[in-house]
Amino acid sequence: MTTPQQLAGILAHELGETTAEPIATLGLIIQLKGVRFAQHILEKAQQREAAGGMLTADKSRRRTLGGTFFAIARRHVSPEE
Numbered sequence: 003m004t005t006p007q008q009l010a011g012i013l014a015h016e017l018g019e020t021t022a023e024p025i026a027t028l029g030l031i032i033q034l035k036g037v038r039f040a041q042h043i044l045e046k047a048q049q050r051e052a053a054g055g056m057l058t059a060d061k062s063r064r065r066t067l068g069g070t071f072f073a074i075a076r077r078h079v080s081p082e083e
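The numbering of the sequence shown is this note's numbering, which starts it at 3 and goes up by one.
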């Protein structure tokens, strides 16, 4: 059985994330919201990337795929979570 942290590592690889903080955040997202949620957000991020990407908040550059994933996920997670 794959643990949330192992799955976070797999997801991090797909998103191009290599540092500890985003990988830990992915593990937390999976733990709180589930595998299906994380997969759904990954699909949405990939679709957004294919459609031209997402700009950063200050509109100075395009977000990375990982940045897009976290921006979308943030919209679906309550402050308490």
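Ideal placement from N, C-alpha and C gives every residue a C-beta, glycine not left out. Model, not experiment: these values are computed from the prediction.
From the options, residue whose alpha carbon lies closest to that of residue i
| i | options | result |
| --- | --- | --- |
| Phe72 | Leu30, Gln8, Thr5, Pro6 | Leu30 |
| Ala22 | Ile32, Glu16, Gly11 | Gly11 |
C-beta atoms of residue i and residue j nearer than 8 Å
| i | j | result |
| --- | --- | --- |
| Arg65 | Leu57 | yes |
| Gly68 | Gly36 | no |
| Thr70 | Gly55 | yes |
| Ile74 | Ala47 | yes |
Whole-angstrom distance between residue j and residue i, CA atom to CA atom
| i | j | result |
| --- | --- | --- |
| Leu28 | Leu34 | 10 Å |
| His15 | Ile32 | 15 Å |
| Arg76 | Ile43 | 10 Å |
| Arg63 | Leu9 | 29 Å |
| Leu13 | Pro81 | 23 Å |
| Thr5 | Lys61 | 36 Å |
| Ala52 | Gln7 | 27 Å |
Residue environment, residue i, which counts as buried when at least 16 other CB atoms sit within 10 Å
| i | result |
| --- | --- |
| Ala59 | exposed |
| Ala40 | buried |
- Enumerated in chain order, which unbroken segments of the alpha helix (DSSP H) with a length of 4 residues or greater are wholly contained in the stretch 12-48? Here the runs fully enclosed are 22-35.
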